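Comments concern the structure below.
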Amino acid sequence: MTFTAGQILTADELNAALPIAPAVKSADETVTSSTTLQNDDHLVVSVAANTTYLLEFVFMFNANASGDLKTTFTVPSGTTGSLCATTDAGSSAGISMTSVPVWDGTGADEQARLWGRIVTSAAAGTVRLQWAQNASFGTGTILRNGSFLRITRIS
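Here the numbering used here runs 4 ahead of the position in the sequence shown, where the first position is 1.
Below, the structure is given as structure tokens:
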């Protein structure tokens, strides 16, 4: 968005031009013996309708190899996108907004990054992380404090 000298700006124009603050986990969160995707307590951001964003999700987790971690996002109706992932073990591409990727656990703290372009349609709303264990296991899967979800408006 380009502004000119002397132009009077509306609140909508300023909000559209300003970066969106990232959502940051302020505490560890644990899921034990559950494969049901649940809303993350901290990682949710608002998005406008008919807008293109760069999404970046950087997270630290600890999961036992028998439980692992699975993630997905809830998004406004009609939102599309394609994401790529990088972990300590490698990378992958072609993850859609409705995919449920599984992150292999080792029983030690690990870090992963998921990023890509998302496009909202006529509906504004929120992008929210959901996650759970991939296989129900008695040792908790932990999504660590400091993980973050950031979106940047690109058009």
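The C-beta atom is built at its ideal place from N, Cα and C for all residues, glycine as well. Keep in mind it's a predicted model, so treat the numbers as computed, not measured.
Segment limits, beta strand (DSSP E) that includes residue i
i	result
residue 120	113-123
residue 155	152-157
residue 77	73-78
residue 44	42-51
residue 58	56-66
residue 189	No answer is possible for residue 189: the residues shown for the chain start at 5 and end at 159.
residue 81	Per DSSP, residue 81 belongs to no beta strand (DSSP E) and is neither H nor E.
Cα-Cα separation, residue i to residue j
i	j	result
residue 59	residue 133	12 angstroms
residue 35	residue 15	40 angstroms
residue 150	residue 64	8 angstroms
residue 26	residue 69	30 angstroms
residue 145	residue 67	5 angstroms
residue 43	residue 9	44 angstroms
residue 137	residue 55	32 angstroms
residue 79	residue 159	18 angstroms
residue 100	residue 147	21 angstroms
residue 33	residue 104	19 angstroms
residue 143	residue 92	22 angstroms
residue 47	residue 154	9 angstroms
residue 28	residue 71	24 angstroms
residue 3	residue 113	There is no way to answer for residue 3, as the model of the chain reaches only from 5 to 159.
Outcome for residue i when other beta-carbon atoms lying within 10 angstroms are tallied against a minimum of 16
i	result
residue 45	exposed
residue 6	exposed
residue 120	buried
residue 156	exposed
residue 124	buried
residue 12	exposed
residue 17	exposed
Other residues of its chain near residue i: CB distance less than 6 angstroms, five sequence neighbours each side excluded
i	result
residue 90	117
residue 97	88
residue 86	120
residue 115	64
8 angstroms contact criterion, which residue i and residue j should meet: CB distance rounded
i	j	result
residue 75	residue 102	No, residue 75 and residue 102 are not in contact; Cβ-Cβ is about 12 angstroms, not under 8 angstroms.
residue 50	residue 130	5 angstroms
residue 140	residue 30	The pair is not a contact, with the Cβ atoms about 27 angstroms apart (cut-off 8 angstroms).
residue 73	residue 109	6 angstroms
Own chain residues within Cβ distance below 7 angstroms of residue i, not counting five before or after
i	result
residue 227	Residue 227 cannot be examined here, being either before or after the span of the chain that is shown, 5 to 159.
residue 62	117, 151 and 152
residue 40	136
residue 127	53, 80, 81 and 82
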